[in-house]
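Colleague: Got a structure for you, written out below as structure tokens; questions coming shortly.
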Amino acid sequence: MTSALLFKEWKKTKWFAIGAFAVGLALLTYIFLKLGRSFRMVGLEHLWDVIVNRDQFLFRDVKYFPLATGFCLALAQFVPEMIQKRIKLSLHLPLSNRKIVFSMLGFGLLALLSIFVLHLIVILTFSVFYFPMEIIESMVYTLLPWYVAGLTAYAFTSWICLEPTWKRRIFNALLMFASLQLCFLSDFPAAYSLVVSAVLLIPLYVLPFGYFSVQRFKVGIQD
Amino acid sequence: MKNIKYLIIVLGTMILAWLLPKSYHLVTDKASPNIFTYYSSIDKAFCAIEFDDVKGHLIRKNVKTNKEYSEAEFDSILPMFYSMQLFSDGRMPKSINGKDINPRVVNSKKFFFRVKPADKNKPHIPLYTLFESMSKRVRIEMPGDVFRLTDRIEFINPETNEINEEKSELFNEQFVKKGFQFPAKMAAGNPSTRKAYEEGYFIVDNKDQIFHLKMVNAKPFLKKVPLPDGVVPNYLQTMEPDDRSFYAFVFDTNKKLHIITTNAYSLQEIPMPEYDVDKDQLLIMANPLYWNLNVVSGKGKEVWAINADTKEFVDTTSIVGVEQGVNYSKYFLPFSVGFTSGNTRYIKPIFYFGSYLVLINNFILALAFVMIIRYRKQKIQILPVVWISITGIYGFIASIIFNR
Chain A
1 MTSALLFKEW KKTKWFAIGA FAVGLALLTY IFLKLGRSFR MVGLEHLWDV
51 IVNRDQFLFR DVKYFPLATG FCLALAQFVP EMIQKRIKLS LHLPLSNRKI
101 VFSMLGFGLL ALLSIFVLHL IVILTFSVFY FPMEIIESMV YTLLPWYVAG
151 LTAYAFTSWI CLEPTWKRRI FNALLMFASL QLCFLSDFPA AYSLVVSAVL
201 LIPLYVLPFG YFSVQRFKVG IQD
Chain B
1 MKNIKYLIIV LGTMILAWLL PKSYHLVTDK ASPNIFTYYS SIDKAFCAIE
51 FDDVKGHLIR KNVKTNKEYS EAEFDSILPM FYSMQLFSDG RMPKSINGKD
101 INPRVVNSKK FFFRVKPADK NKPHIPLYTL FESMSKRVRI EMPGDVFRLT
151 DRIEFINPET NEINEEKSEL FNEQFVKKGF QFPAKMAAGN PSTRKAYEEG
201 YFIVDNKDQI FHLKMVNAKP FLKKVPLPDG VVPNYLQTME PDDRSFYAFV
251 FDTNKKLHII TTNAYSLQEI PMPEYDVDKD QLLIMANPLY WNLNVVSGKG
301 KEVWAINADT KEFVDTTSIV GVEQGVNYSK YFLPFSVGFT SGNTRYIKPI
351 FYFGSYLVLI NNFILALAFV MIIRYRKQKI QILPVVWISI TGIYGFIASI
401 IFNR
């Protein structure tokens, strides 16, 4: 039953997931081409100097891609469920509601995580050829909060979609906008290095919120 | 289900504890006056430029006598600060305090040195560019490698991203020979080609010893700096003054400032106002006669003038920070959470606590919450009530919104 449920989620989101991965790859290709031009024009020594001594970050164009992906994946997955309250059908499956909701949310989170991990692998594979570990470490600390923002945006947007009342949706959205700011407080490279492990926990903290809204729906709270 | 509700309330509370005080400060914060203050070698007193609220314009005055000056008079009163103007107008005295004054002397002894807490407290990539100190070229040129300090010194070629083993070994021999204890705690240098000369790096080793590293004719130069007893370096910044009288500023763990002089690396203490490198800003405006040391802290600005040659204390003045008024927020906001600060480039949670009187406010809010719950005909839960008693207005708002 669970695999059928996951297949349903895959059917709903596959084109979006493939599209998001492809758009991400296109974005990275553009960044790599831009960097390749810089390597040829000014040389790697100058580029290292700019990164180390002038606190420049080369992958700044990636900043809002994970956020947009997380937001859109949640819409692609949960808006169809909420149209004409189709989620009722899912909740009538012979599985516990907890299992149904967490399977759906877990699927989305894993799909998103897969896209992000593949992107990071591409970035790191490129970087190890041209940069030393010190620069790569700083790069990872700078990129991670942006990717975590994508996962957090997914968890919050799912919660907002699954919420049965518009009034509470507005409060949920306000909480989402405020919380997402936590991942964009500074553009300074590696600014999050002291708190990166705490930042990684944010999406896991927010993910169960969707189940809370489903329970509200189950007890009959609606507009 | 209940647990998730509490997770939402806790998150809502923390977000409010961050954004509500931030909004309060956005509306109420006032700028501290950063009045320009400089010690006059003519008046032998501090002079200042400040905005006169009554007259509605800037006034230039002697802080001690309150005598006001016109712009041209003020140039003459502060000949060291306005030296360019006075040399250009031909108004610069031939000597001041018995010291010959000419453009060469002024330019070689005049400098500005600024340190902000965020200069020290920021993430940095531990790779360093070591230029050739005796390149025989007018301009400093990029060396073609950078070095790292791990359990040894390693030079890496950026074009190939590979370690230059030969050069690394050559330099490492010197580190071992001179008793350098890896790993290094910090390295201070100025990796810029836009400077008059190169003096390399001052590196603090694992035993708090300071070493001077240079590259001279492609060979390593490493010298241990003799530190007086009790001086443990906390932070270093190098400088290349035109008169080549010193190499670097050393801030020690006793909150004292020293310079490493070019006279056999001897340390000279610089008398200065109370200063915390992690919280306060320091600006040194030096000239051939006096050094002006400005320390800007939460209390305001304190300025000391010291003799440029002997480094003896001469005079002081202070400007009290603007009165922020009564901070009412501490009576209704039990605490606040911040993630950014002007003192650091790192993101990290910082908690500020309000007055204990806020507990009365919290208690009233907890009672109000109980009444609202009863009005809504909901079952009273003890946890949100306890939460509001601790977190006050933040917990109250979050519980009212997300309790159902």
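Going down the list, the sequences are from chains A and B. Quick note: the first sequence, position 163, residue 163 per full-length UniProt numbering, numbers continuous. Quick note: the second sequence, position 353, residue 353 per full-length UniProt numbering, numbers continuous. We put the CB at the ideal spot given by N, CA and C, even for glycine.
Is residue 339 of chain B near the ligand COA, judged by its Cβ being under 7 Å from some heavy atom?
Modeller: No copy of the ligand COA appears in this structure; indeed no ligand is present at all.
Colleague: Applying the criterion that 16 or more other CB atoms from any shown protein chain within 10 Å of the CB defines a buried residue, is residue 357 of chain B buried or exposed?
Modeller: Locating residue 357 of chain B in the second sequence gives position 357, counting from the first residue. Burial call: exposed.
Colleague: For residue 203 of chain A, decide whether its Cβ has a neighbour in chain B, counting only Cβ atoms nearer than 8 Å.
Modeller: Residue 203 of chain A sits at position 203 when you count from the first residue of the first sequence. Not closer than 8 Å to any Cβ of chain B, the Cβ of residue 203 of chain A fails to qualify, so no.
Colleague: I need the straight-line Cα distance from residue 298 of chain B to residue 49 of chain A, nearest angstrom please.
Modeller: Reading the second sequence from its first residue, position 298 is the one you call residue 298 of chain B. Reading the first sequence from its first residue, position 49 is the one you call residue 49 of chain A. Cα-Cα distance, rounded: 35 Å.
Colleague: Starting from residue 157 of chain B, follow the alpha helix (DSSP H) in both directions and report where the run begins and ends.
Modeller: As a first step, residue 157 of chain B must be located in the second sequence, where it is residue number 157. Premise fails: residue 157 of chain B lies in the beta strand (DSSP E), 153-157, not in any alpha helix (DSSP H).
Colleague: Would residue 71 of chain B be called buried (16 or more neighbouring beta carbons within 10 Å of its own) or exposed?
Modeller: Residue 71 of chain B sits at position 71 when you count from the first residue of the second sequence. The residue is exposed, with fewer than 16 neighbouring Cβ atoms inside 10 Å.
Colleague: Exposed or buried, which one is residue 143 of chain A when buried takes at least 16 other CB atoms within 10 Å?
Modeller: Looking up residue 143 of chain A in the first sequence gives position 143. Residue 143 of chain A comes out buried.
Colleague: Could you tell me whether the segment 155-172 of chain B touches the segment 190-210 of chain B, using the rule of 3 or more Cβ pairs below 8 Å?
Modeller: no
Colleague: Under a three-way DSSP split, which group does residue 378 of chain B fall into?
Modeller: On the second sequence, position 378 is the one that residue 378 of chain B refers to. Coil, per DSSP.
Colleague: Can you check which of these residues, B:240, B:136, B:226 and B:377, is closest to residue 109 of chain B by C-alpha distance?
Modeller: Mapped onto the second sequence, residue 109 of chain B falls at position 109. For residue 109 of chain B, the closest of B:240, B:136, B:226 and B:377 by C-alpha to C-alpha distance is B:240.
Colleague: Going residue by residue through the segment 101-145 of chain B, where are the continuous alpha helix (DSSP H) segments of at least 4 residues, counting only ones entirely within it?
Modeller: 103-109 and 117-120
Colleague: Check each residue of the segment 180-211 of chain A: if its Cβ is closer than 8 Å to any Cβ of chain B, include it; give the result in chain order.
Modeller: 182, 185, 186, 188, 189, 190, 191, 192, 193, 194, 195, 205, 206, 208, 209 and 211
Colleague: Since residue 92 of chain A is in the alpha helix (DSSP H), which residue starts that stretch and which ends it?
Modeller: Along the first sequence, read from residue 1 onward, the residue named residue 92 of chain A stands at position 92. From DSSP, residue 92 of chain A is part of no alpha helix (DSSP H); its letter is neither H nor E.
Colleague: According to DSSP, is residue 187 of chain A part of a helix, a strand, or is it coil?
Modeller: Residue numbering aside, residue 187 of chain A sits at position 187 when the first sequence is read from its first letter. The DSSP-derived three-state label of residue 187 of chain A is coil.
Colleague: At which residues does the beta strand (DSSP E) containing residue 338 of chain B begin and terminate?
Modeller: Taking the second sequence and counting its residues from 1, one reaches residue 338 of chain B at position 338. Residue 338 of chain B -> beta strand (DSSP E) spans 335-338.
Colleague: So the candidates are B:224, B:306, B:339 and B:292; which of them puts its Cα closest to the Cα of residue 81 of chain B?
Modeller: The residue labelled residue 81 of chain B in the question sits at position 81 within the second sequence. Answer by Cα proximity: B:292.
Colleague: Using 8 Å as the limit for Cβ to Cβ distance, is residue 51 of chain A near chain B?
Modeller: Here residue 51 of chain A refers to the residue found at position 51 when the first sequence is read from its first residue. Closer than 8 Å: yes.
Colleague: Tell me which residues share the same chain as residue 160 of chain A and place their Cβ nearer than 6 Å to its Cβ, disregarding the 5 neighbours each side in the sequence.
Modeller: Along the first sequence, read from residue 1 onward, the residue named residue 160 of chain A stands at position 160. Short of 6 Å from the beta carbon of residue 160 of chain A, and not among the five residues preceding or following it, lie these beta carbons of its own chain, in chain order: 169, 172 and 173.
Colleague: Got a sec, what are the start and stop residues for the beta strand (DSSP E) residue 227 of chain B sits in?
Modeller: The sequence position of residue 227 of chain B within the second sequence is 227, counting from 1. Residue 227 of chain B -> no beta strand (DSSP E), and no H or E assigned at all.
Colleague: If you follow the alpha helix (DSSP H) that residue 290 of chain B is in, where does it begin and where does it stop?
Modeller: Your numbering for residue 290 of chain B matches position 290 in the second sequence. First-last for residue 290 of chain B: 290-297, but that is the beta strand (DSSP E), not the alpha helix (DSSP H).
Colleague: Find the residues of chain B that neighbour residue 135 of chain A, judging by a C-beta separation of less than 9 Å, and give them in chain order.
Modeller: To locate residue 135 of chain A, count along the first sequence from 1; it is residue 135. Neighbours of residue 135 of chain A on chain B, chain order: 125 and 127.
Colleague: Please determine, among A:136, A:180, A:163 and A:77, the residue with the shortest C-alpha to C-alpha distance to residue 111 of chain A.
Modeller: Within the first sequence, numbered from 1, the residue matching residue 111 of chain A stands at position 111. Put simply, of A:136, A:180, A:163 and A:77 the residue whose alpha carbon is nearest the alpha carbon of residue 111 of chain A is A:77.
Colleague: From this set, B:99, B:230, B:79 and B:98, which residue's C-alpha is nearest residue 91 of chain B's C-alpha?
Modeller: Locating residue 91 of chain B in the second sequence gives position 91, counting from the first residue. Measuring from the Cα of residue 91 of chain B, the nearest candidate turns out to be B:79.
Colleague: Report yes or no: do the segment 190-197 of chain A and the segment 340-351 of chain B share at least 3 C-beta pairs separated by less than 8 Å?
Modeller: The segment 190-197 of chain A vs the segment 340-351 of chain B: in contact.
Colleague: Could you name the residues of the same chain whose beta carbon sits closer than 7 Å to that of residue 234 of chain B, not counting the 5 residues immediately before and after it, in chain order?
Modeller: As a working mapping, residue 234 of chain B is identified with position 234 in the second sequence. Excluding positions up to five away in sequence, the list reads 251, 252, 253 and 277.
Colleague: Between the beta-carbon of residue 184 of chain A and the beta-carbon of residue 153 of chain A, is there less than 8 Å?
Modeller: Your numbering for residue 184 of chain A matches position 184 in the first sequence. Your numbering for residue 153 of chain A matches position 153 in the first sequence. Cβ distance not < 8 Å, so residue 184 of chain A and residue 153 of chain A don't count as in contact.
Colleague: With DSSP as the reference, label residue 125 of chain A as helix, strand or coil.
Modeller: Taking the first residue of the first sequence as position 1, residue 125 of chain A is located at position 125. Residue 125 of chain A falls in the helix class under three-state DSSP.
Colleague: Just to confirm the assignment: which complete beta strand (DSSP E) runs, minimum length 3, are found wholly within the segment 176-219 of chain B?
Modeller: 186-188, 201-204 and 210-216
Colleague: The segment 346-369 of chain B: which residues have C-beta closer than 7 Å to a C-beta of chain A, in chain order?
Modeller: Identification of residues in the segment 346-369 of chain B having a C-beta nearer than 7 Å to some C-beta of chain A yields 346, 347 and 348, given in sequence order.
Colleague: Express the C-alpha separation of residue 126 of chain A and residue 190 of chain B in angstroms, rounding to a whole number.
Modeller: Reading the second sequence from its first residue, position 190 is the one you call residue 190 of chain B. Reading the first sequence from its first residue, position 126 is the one you call residue 126 of chain A. Approximately 30 Å between the Cα atoms of the pair.
Colleague: Looking at the C-beta of residue 256 of chain B, does it have a partner C-beta in chain A at a distance below 8 Å?
Modeller: The residue labelled residue 256 of chain B in the question sits at position 256 within the second sequence. Not an interface residue.
Colleague: Leaving out five residues on either side along the sequence, give the residues of the same chain with a beta carbon under 6 Å from the beta carbon of residue 69 of chain A.
Modeller: On the first sequence, residue 69 of chain A is found 69 positions in, with the first residue counted as 1. Around residue 69 of chain A: 20 and 150.
Colleague: Could you check the C-alpha separation between residue 223 of chain B and residue 107 of chain B for me, to the nearest Å?
Modeller: Translated into the one-based positions of the second sequence, residue 223 of chain B becomes position 223. Translated into the one-based positions of the second sequence, residue 107 of chain B becomes position 107. Straight-line measurement puts the Cα of residue 107 of chain B at about 29 Å from the Cα of residue 223 of chain B.
Colleague: What residues from chain B crowd round residue 44 of chain A, counting only those whose CB sits closer than 7 Å?
Modeller: By one-based count along the first sequence, residue 44 of chain A stands at place 44. In chain order: 158 and 159.
Colleague: Taking residue 308 of chain B as the reference, give the member of B:41, B:29 and B:31 with the closest Cα.
Modeller: On the second sequence, residue 308 of chain B is found 308 positions in, with the first residue counted as 1. In this structure, B:41 is the residue among B:41, B:29 and B:31 with its C-alpha nearest to the C-alpha of residue 308 of chain B.
Colleague: When the Cα atoms are used, what is the spatial distance from residue 402 of chain B to residue 102 of chain A?
Modeller: Within the second sequence, numbered from 1, the residue matching residue 402 of chain B stands at position 402. Within the first sequence, numbered from 1, the residue matching residue 102 of chain A stands at position 102. Distance between the alpha carbons of residue 402 of chain B and residue 102 of chain A: 21 Å.
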